[in-house]
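First the structure, in the form of structure tokens, and then the observations on it.
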Amino acid sequence: MDALIQLSDVTKRYEDDTSPAVAHVSVDVGPGESVALMGPSGSGKSTLLNLIAGLDRPTSGTVRVGDVQLAELNETGLARFRRRQVGMIFQFFNLLDDLTVADNVLLPAQLAGVPAAKARGRLDELLAALRIDKHRNAYPARLSGGERQRVAIARALVNRPPLLLADEPTGALDSVTGEEIGELLLDLNRAGQTLILVTHDPALAARYAKRVIRIVDGQLTTAVASA
Amino acid sequence: MRAVWTALRGGLAGRRVQALAIGLVLLASAAASTLAAGLLVASNAPFDHAFAAQHGADAALTVNARKATSAELAATGRLAGVTGAAGPYPEATVSASAAVPETPGVVFQAFTLAGRSSAGGPVDDIVLTAGHWPTATGQVVVSRNLADTGSGASVGLGVVITLPGVPGSPKLTVVGVGVSVTDTADGWVVPAQMTTLGSPPTEQMLYRFASAGSGAAVNTGVAAVSRALPAGSVAGAESWLAVKAQENQSIVPWVPFLVTFGVIGLVMSVLIEVNVVSGAVSAGTRRIGVLKSVGFTPAQVISVYVLAVAVPGVAGVASGTVIANLLAGPVLGQTSQVFEVAPQPIPRWVDLAVSLALLALAGIAALVPASRAGRLNATAAIATGRAPRPAHGYAALRLLGRARVLPRPVTLGLAGPFARPGRTLVTLAAVLFGAVAVTFGTGLGTSLNRVGTDMALASIQHVQIGLAGQSGQQPSPGQPSAAVQQAGMAAVIRAQPGTLHYVTESDDRFGVTGMAGTAAVTAFGGDASWIGYALISGHWYGVGGAVVNTSFLRATGERVGDTFTLTDDGRAVALTIAGQVFLPGNDPQVLTNLSSVAALGPSGAGPHMFYVGLRPGVNAQSYQNAVFARLPPGDYHQVGSGSGILLEIISGLVLILSLLLVVVAALGVLNTVVLMTRERAHDLGVFKAVGMTPRQAIAMVVTTVAATGLVAGLIAVPAGIALHNAILPIMGNGAQTAFPPGVYNVYSPAELVLLALTGLVVAVVSALGPAGWAAGIRTASALRTE
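Written as structure tokens, this is what we have:
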């Protein structure tokens, strides 16, 4: 199986930092896999996720997603890459407060120039699937945490990206809601969606990822397969 | 206080763009305001300075010596309300000609001589700028106004002046040049000289009154003197206020537009300061919370934010004041030269008053939003973290989101102004004022150019050639008579290839029924409509008609279409006013046909000027050289188009001030966009995370202010034109004239379109910097932004 994601000897060092946030990391993720990046706070797991998403650039090493070597892309290229190849979910949702649910979800499609009718169709499909259809014209501030994360998931999936990246997706949610969101992500992965999940919760990692990659002080320690 | 300074340093370092904006805004405001106030005050200074130093005469009276004795005149000096008197000085107005080296004889039709034994005295202390006071008959000191005739001739030391109208044609040698601040005479001789002139005896009495600050006060003084003298003995009186108005008319017209620019600058600075400080408070919410949590009192927090305006503000005001003083130099220097006093700078108190007023205004503008910072709850401020989210603009975002014809980044940007309507309105106002200044300045610049063209008669390509025997000049001994010269000149001009047509000009002064004094009458020996005199109203004259200037209409109370009568030595000619011609100044002027005033007798020495219209493509200088080459040397002189230096200086000022205010407007937009992008840095991260390209980010940020700029530009055009049309007449009043329609109608359709886009261009250009920052911000960093 060809790897969908291939990180080769990736190091990320922030300005003036003596120790790298991520050091010499090499890892492959296959299509359809669900992988949990697990480690304590400040271990470098979110940095690694940002490097895969093209939100940040490695200091050294290479990141390949599909056929795309991210180092070869300029900022515009990276933006287009994110539109088509990556969907991102954040701990604190990162929804735009002044846009309605529908407008938040549609945004990546509109930026990508997807025809309006097609984007609307996809919006309807996602809102129905995620059971937030009734909130289509609501603003995020009026929604519960779980509903907001569902909106964020819908936004991440609107352009049908092959890769879904989730950074502590249940971290800001109560346990019941977190469970719901976890199940949702699991369902998506079962349907073939490649998923990389960042978490510091071993139970969550064990439950929703087939493979767990542990990272401590920017370095991989072990990569284990979940049950 | 040390803690306040520490916090201030940190705040300034973190907001360099805003600090720069405040500094530059206040620089521009200070420059425009100080210049306006300074010129307004200092334009009077050279005259006032000279008037005080030279004990200028509040009133100069011409008295019929046959009706009032010397003793009676001397007694008026002791009247109540008279604080000083000089005279009686014998006075006579005669014609004179001067033999100026390398220039044919210069003739003065009305040469007022006064007999004085010394330059000094209790009133009208004449300042000698060259030579010495006459010590014997045959010597004269001439007024510096006379010394510089403006036609290239200079009646300097050693020049011999002949008085041809006086029995024996006595000759006077110029032994000195003097300045009388109230222009009491054209020349001064020893009293003994006056007995040789044989003119009707008149005496000159000069007075200073206890109260002479207004025309009414001067009139009261003159009336008191007149009552003390035999009835009918006072033949004329001139107030120092009239002289002052005339001397200052070179500056007074320009003050209104400087005041306008000053006011626009002030309003813009207040708007931008409010925006800057409000933005700083809004963006610094968390910082304010931290300051309070470590023990800053509300007053200390307010101090930090007010000082954040004061520090760059003081630097800006100081720089602007220096620039204003440098710009004022050339303008004020001209008036100082007139009175032979040292150039009078803008008074220090004006610098100080304007600076303090501006800083106070800046402080007040900063105080309101800073007070909000002082009132912020520390816990809430820290908890809020980043700038409070705007509570407006959701509907605009939703509606614009449905506009499928526009790319999403553009609709996101267009909705931006609705998020913070207060800030948008202030930004719109700042751009609006800047664009108004550009529209006003552009129109004014074109208007001034047209005024210059009209004054120089430069709208039509022509040359002016003056004969030696002009109204200021008389052929020297040995030269052909004026008639011979005229015929010779006409023959040469007719024969010269390139001549399209020509017309002669004669000048004289005649009385006008119902008007005090005389009017300058220019009579053309043929059709002169092509010369290029600009008409304010009516049309060019025909037979029996004339065009007159605004000063004439104001002096006579006549209107276009009315008939007036010119008089001279009992002869009279009635002329109909066909139009109002653009000839600025206090002097009533009439332009007519020579045949229409023939009944008044020979006009001076006859025609003295030839206006020659040239065929298309003919070079004026080459033509003039060719004509001169065919004329006997000394039979002609070249006529300059007059000095346009002041006009150029003022046009330059208009340009500088317009640009300055555009920069201020741009800084206002820059500040707004910087605030917006900093506040929305996290959202920018989200946008980029979901696929917004750098170009889309630039488009979004730029369109946030583009619409504001466009709206401001569209409003600014009619507002700027209205301002232009309102200020021009006020400037014209200062110059004692109305303006031709062409001076008002200066905006071409293409210009209007460009001007309407000014606001848009200012907004877009100003937004490009912050938009570039937004495009280049690292997504991961932006997402971490609070």
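Residue numbers (the numbering used here), protein chains in the order written: chain X, 72 to 298; chain V, 927 to 1712.
We put the CB at the ideal spot given by N, CA and C, even for glycine.
#1: Could you check if V:Y1325 is buried or exposed, using at least 16 other CB atoms within 10 Å of its CB as the buried criterion?
#2: How about V:I1462 and V:V1507: are their beta carbons less than 8 angstroms apart?
#3: Would you identify the three-state DSSP class for X:F164, choosing helix, strand or coil?
#4: Of the choices V:A1062, V:P1016, V:G982, whose alpha-carbon is the least far from that of V:G1047?
#5: At the level of alpha carbons, what is the spacing between X:V287 and V:L1293?
#6: Helix or strand or just coil, what does DSSP make of V:F977?
#7: Taking the straight line between their C-alpha atoms, what separation do you get for V:N1201 and V:A1279?
#8: Distance check for V:V1389 and V:L1509, CA to CA, integer angstroms please.
#9: Excluding the five sequence neighbours on either side, which residues of its own chain have a C-beta within less than 6 angstroms of the C-beta of X:V172, listed in chain order?
#10: Would you call the region 1425–1443 of chain V in contact with the region 1465–1472 of chain V, where contact means no fewer than 3 C-beta pairs closer than 8 angstroms?
#11: Taking buried to mean at least 16 other C-beta atoms within 10 Å of its own C-beta, is V:E1605 buried or exposed?
#12: Quick check on this structure: which residue in V:A1062, V:V1418, V:L1132, V:V1160 has the alpha carbon closest to the alpha carbon of V:T1122?
#13: Please list, in chain order, the residues of the region 1598–1621 of chain V that have any C-beta partner in chain X closer than 9 angstroms.
#14: Any Cβ of chain X within less than 8 angstroms of the Cβ of V:A1244?
#15: Would you identify the three-state DSSP class for V:E1484, choosing helix, strand or coil?
#16: Check whether the Cβ atoms of V:G1104 and V:T1038 lie closer than 8 angstroms to each other.
#17: Opposite V:D1434 in the DSSP bridges: which residues?
#18: Nearest to V:A1322 by alpha carbon, out of V:L1287, V:V1331, V:P1224, V:T1337?
#19: Out of V:A1498, V:A1555, V:G1695, V:T1518, which has the shortest C-alpha to C-alpha gap to V:G1505?
#20: Assign X:G249 to one of three DSSP states: helix, strand, or coil.
#21: DSSP on V:N1201, reduced to helix/strand/coil?
#22: In chain X, which residues lie with their C-beta within 7 angstroms of the C-beta of V:G1327?
#23: According to DSSP, is V:S1137 helix, strand or coil?
#24: Any idea if V:D883 is buried or exposed, counting beta-carbon neighbours within 10 angstroms, 16 or more meaning buried?
#25: So X:S117 is in the beta strand (DSSP E); what residue range does that whole segment cover?
#26: Find the residues of chain V that neighbour X:Q181, judging by a C-beta separation of less than 7 angstroms, and give them in chain order.
#27: Considering only C-alpha positions, which residue in the set V:A1524, V:V1616, V:L987, V:P1060 is nearest to V:S1432?
#28: Terminal residues of the continuous alpha helix (DSSP H) containing V:S1455?
#29: Under 7 angstroms Cβ-Cβ, which residues of chain X neighbour V:G1289?
#30: Going by beta carbon distance, what residues of the same chain come within less than 7 angstroms of V:T1598, once the five residues before and after it are set aside?
#31: Is the beta carbon of X:S117 sitting closer than 8 angstroms to the one on X:V269?
#32: Give the single residue among V:I1391, V:M1626, V:G1543, V:D1494 whose Cα lies nearest to the Cα of V:Y1428.
#33: Ignore the nearest five residues each way along the sequence and tell me which others in V:T932's own chain have a CB closer than 7 angstroms to its CB.
#34: Against chain V, which members of the region 201–213 of chain X pass a CB distance test of less than 7 angstroms?
#35: Please state whether DSSP places V:Y1015 in a helix, a strand or coil.
#36: Distance, Cα to Cα, V:A1283 vs V:G1327?
Answer, in terms of the structure:
#1: Checking the sequence shown, residue 1325 of chain V turns out to be Leu, not Tyr. Answer is exposed; the Cβ neighbour count stays below 16.
#2: yes
#3: coil
#4: V:G982
#5: 51 angstroms
#6: helix
#7: 25 angstroms
#8: 19 angstroms
#9: H206, R207, A209, V222
#10: no
#11: buried
#12: V:A1062
#13: H1608, D1609, G1611, V1612, F1613, K1614, A1615, V1616, G1617, M1618, T1619, P1620, R1621
#14: no
#15: coil
#16: no
#17: V:V1447
#18: V:T1337
#19: V:T1518
#20: helix
#21: helix
#22: D174
#23: coil
#24: Because chain V spans 927 through 1712 in this model, residue 883 of chain V falls outside it and cannot be assessed.
#25: Here X:S117 belongs to no beta strand (DSSP E); instead the alpha helix (DSSP H) covers 116–124.
#26: R1334
#27: V:A1524
#28: Run containing V:S1455: none; DSSP gives neither H nor E here.
#29: Those within 7 angstroms of V:G1289 in chain X number zero; the least Cβ separation is about 34 angstroms.
#30: N1201, R1349, T1353, V1631
#31: yes
#32: V:I1391
#33: none
#34: Y210
#35: strand
#36: 47 angstroms
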